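A.B. asks: Okay, so the sequence shown: first residue is 429 according to this note's numbering, each after it adds one. Don't be surprised by glycine CBs; every beta carbon is placed ideally from N, CA and C. Quantities reported herein were computed from a predicted structural model and do not represent experimental measurements. My questions all concern the structure below.
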Amino acid sequence: MKEWRCKKCGHVYENMDTHIRDGLPNGSMLATIDMLDTEEGLDDIPFEELPTDWVCPVCQASKDEFEAIEKEKKAPESEKWLCNPCGYVYDPNIGDTDHDIPIGTEFNDLPDTWVCPLCGAPKEDFSVI
């Protein structure tokens, strides 16, 4: 299954993308963003059919800043981690390739110097979701 990842912030647009909202605290940035996408009826549109003026709901990057990625099966032991200050979600199945963190790197295996790629918060400011 093909998904689309923003090269700037790592947001992944998936058809029927509402599961990302599940488990996120009410009012978190990403929960709010996904609700907006859902309310606008965009969550059921294939990425290729989104309007050309569509922008990333996280960082406002244009549609051409997204790259196609193949969805990988999530390893059962993988946990997603929420940046409490800004709502960024670290997903080991995506990694942080812009900062040399390969796909498959578990949160606890990130270097102690790693920080949130969106707001610069340290690992201590993340919580498991």
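1. With three or more beta-carbon pairs closer than 8 Å as the criterion, would you say the segment 476-494 touches the segment 523-532?
2. With 16 other CB atoms within 10 Å as the buried threshold, where does Gly438 fall?
3. In whole angstroms, what is the alpha-carbon distance linking Pro513 and Ser555?
4. Within this structure, are the beta carbons of Val440 and Ile497 separated by less than 9 Å?
5. Suppose only complete runs of 3+ residues qualify. What are the beta strand (DSSP E) ranges in the segment 484-546, listed by chain order?
6. Name the two residues that bound the continuous beta strand (DSSP E) containing Cys434.
7. If we ignore side chains and look at the alpha-carbon of each, how far apart do Lys551 and Glu442 end up?
C.D. replies: In short:
1. No, they do not touch.
2. Buried: at least 16 other Cβ atoms inside 10 Å.
3. One C-alpha to the other measures close to 11 Å.
4. Yes; because the gap between Cβ atoms is below 9 Å, this pair is in contact.
5. Unbroken beta strand (DSSP E) runs of no fewer than 3 residues, entirely contained in the segment 484-546, are found at 494-498 and 509-511, following chain order.
6. Per DSSP, Cys434 belongs to the beta strand (DSSP E) from Lys430 to Cys434.
7. When rounded, the distance between both Cα atoms is 26 Å.
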